[in-house]
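Protein chains: 2
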Amino acid sequence: MENEHACDMRGFLSFLILWLVHKKPMTGSEIAEEIGKRKGCKPTPGTIYPALKQLVEKGAIKADSKGGKKYSITKTGNEELEIAKENFCKTFYDIFKN
Amino acid sequence: MENEHACDMRGFLSFLILWLVHKKPMTGSEIAEEIGKRKGCKPTPGTIYPALKQLVEKGAIKADSKGGKKYSITKTGNEELEIAKENFCKTFYDIFKN
DNA sequence: CATACAATATTGGATGTACAATACAATTTA
DNA sequence: TAAATTGTATTGTACATCCAATATTGTATG
């Protein structure tokens with residue numbers, strides 16, 4: 001609700017989830033598994049599901065209620081991801097150089 | 101203390117501050133300015149100084165109390181930065197591609 | 001010395017992310 | 001059907017980060 005903390009360094013979990021789901025629809029546990037592989041430490045359900053819930057409420061992702069309940073990105077989510085990705089790259093552009 | 105939330109997606113502000121200060125000692129306002137340039141939105145003193153305080157308390161940076169009070173990275177901070185950088189790159193390795 | 005201004009810093013309240021513990025739902029196995 | 005297992009989700013508590021507002025300190029300038 002209209003809180004414009006645009007300067008926020010919070011939100012990297014949501015950003016990463018959005019990024020993963022944008023590549024391929026995934027279930028909650030698949031997402032946790034993939035984050036675990038990348039960071040070396042798998043987040044617990046109490047971390048993953050609240051974040052998923054927020055993203056659904058924002059309309060950035062949606063849950064396909066069949067089978068394992070996969071989450072996939074929406075049009076809104078894709079637009080948001082594009083902006084977030086750009087900001088991310090501008091902010092950390094020189095971290096990856098060597 | 102000794103809270104081992106190793107899985108943490110929090111701490112990106114501290115990470116970025118550490119990264120900036122590692123390249124060159126900076127004052128609080130210089131740090132805010134540089135982050136503002138990267139993100140397009142300059143963090144307020146209420147964001148920057150508590151983070152700096154924590155980093156000093158951890159021993160990751162130290163304040164040179166002469167002139168504009170520049171902060172510079174310590175040996176401990178450099179070691180911490182090296183680890184954090186590696187985790188960061190592993191976690192977001194595919195964001196920068198295209 | 002006094003006033004102004006910039007940089008440094010703290011406070012209070014909100015939000016995102018963290019885990020542990022627990023609960024619930026859908027299969028599978030006995 | 002009962003018990004076990006796995007995935008999904010909530011709750012409670014803690015902490016990093018966020019801003020606005022305020023306070024403090026240091027350095028000019030009058």
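Keeping their order, the protein sequence lines are chains A and B.
Per the numbering used here, residue 1 is the first one in the first sequence, and the count goes up by one each step.
Per the numbering used here, residue 101 is the first one in the second sequence, and the count goes up by one each step.
Ideal Cβ placement from N, Cα and C applies to all residues, glycine included.
Query	Result
Could you give the distance in angstroms between the alpha-carbon of S114/B and the alpha-carbon of V21/A?	27 Å
Within 8 Å of any Cβ in chain A, is that where the Cβ of P125/B sits?	no
Which of the three DSSP states is assigned to A63/A in this structure?	strand
Is there at least one Cβ from chain A nearer than 8 Å to I131/B's Cβ?	no
Using the Cβ count rule (16 or more neighbours within 10 Å means buried), how would you classify E157/B?	exposed
Since A163/B contacts Y171/B with CB under 8 Å, what's their CB separation in whole angstroms?	5 Å
Considering just the uninterrupted stretch of the beta strand (DSSP E) at Y171/B, what are its terminal residues?	K170 to I173
Does the beta-carbon distance from I161/B to T147/B come in below 8 Å?	no
Exposed or buried, which one is G177/B when buried takes at least 16 other CB atoms within 10 Å?	buried
Please report how far the alpha carbon of I31/A lies from the alpha carbon of K169/B, in whole angstroms.	44 Å
Based on Cα-Cα distance, which residue from E134/B, Q154/B and T127/B lies nearest to S165/B?	T127/B
Please list, in chain order, the residues of the region 182-193 of chain B that have any C-beta partner in chain A closer than 9 Å.	K185, N187, F188, C189, K190, T191, F192 and Y193
Give a yes or no on whether the minimum CB-CB distance between I95/A and chain B is below 8 Å.	yes
The alpha helix (DSSP H) spanning K37/A covers which residue range?	G28 to K39
Could you list the residues in the region 139-169 of chain B with a C-beta less than 9 Å from some C-beta on chain A, going in chain order?	K139, G140, C141, K142, P143, T144 and T147
Let me see if you follow: with CB-CB separation under 8 Å, is L18/A close to chain B or not?	no
Under a three-way DSSP split, which group does Y49/A fall into?	helix
Out of R10/A, I17/A and D8/A, point me to the one whose CA is closest to L52/A's CA.	I17/A
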